[in-house]
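Visitor: Here it is, the structure in full.
In the UniProt record's numbering, the protein residues as written are 1 to 101.
Below you can see the structure in the form of structure tokens.
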């Protein structure tokens with residue numbers, strides 16, 4: 001997993017050659033902690049780059065993409081968000097909702 005910040009977001013996500021799943025999360029968010037191990041499995045099984053962005057430390061990126069609830073997952077392709085999932089879900093549902101099935 002990639003640790004994303006305001007400083008490296010454009011380089012790691014927007015300029016990436018492949019799709020990147022961005023996990024908008026916070027330390028105080030229990031559902032964020034629940035979804036974290038599921039994202040590690042998805043990353044390993046689907047060869048998808050996953051980046052974690054701590055919204056408390058990087059509020060500008062959160063605001064740029066209109067993220068209002070945590071966790072929010074945004075799948076970026078060619079520098080653009082193409083899919084969004086809000087809230088913790090079982091792995092099967094996440095894979096389906098992100099179009100990875």
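Beta carbons: idealized from backbone N, C-alpha and C, even for Gly.
Return the Cβ separation of residue 94 and residue 38 in integer angstroms, given the expectation that the two are a contact with Cβ distance under 8 Å.
Guide: 6 Å
Visitor: For residue 97, collect the residues of the same chain with a Cβ closer than 8 Å to its Cβ; drop the 5 residues on either side in sequence, then sort them by chain order.
Guide: Contacts found: 83, 85 and 89.
Visitor: Rounded to the nearest angstrom, what separates residue 67 and residue 55 at their Cα positions?
Guide: 9 Å
Visitor: Which residue marks the beginning of the alpha helix (DSSP H) containing residue 97, and which one marks its end?
Guide: 91-97
Visitor: Do residue 29 and residue 73 have their C-beta atoms closer together than 8 Å?
Guide: no
Visitor: Can you tell which of 10, 23, 100 and 41 has its C-alpha closest to the C-alpha of residue 87?
Guide: 23
Visitor: Can you look up residue 21 in the DSSP assignment and give me helix, strand or coil?
Guide: strand
Visitor: Note the first and the last residue of the continuous alpha helix (DSSP H) segment covering residue 39.
Guide: 30-46
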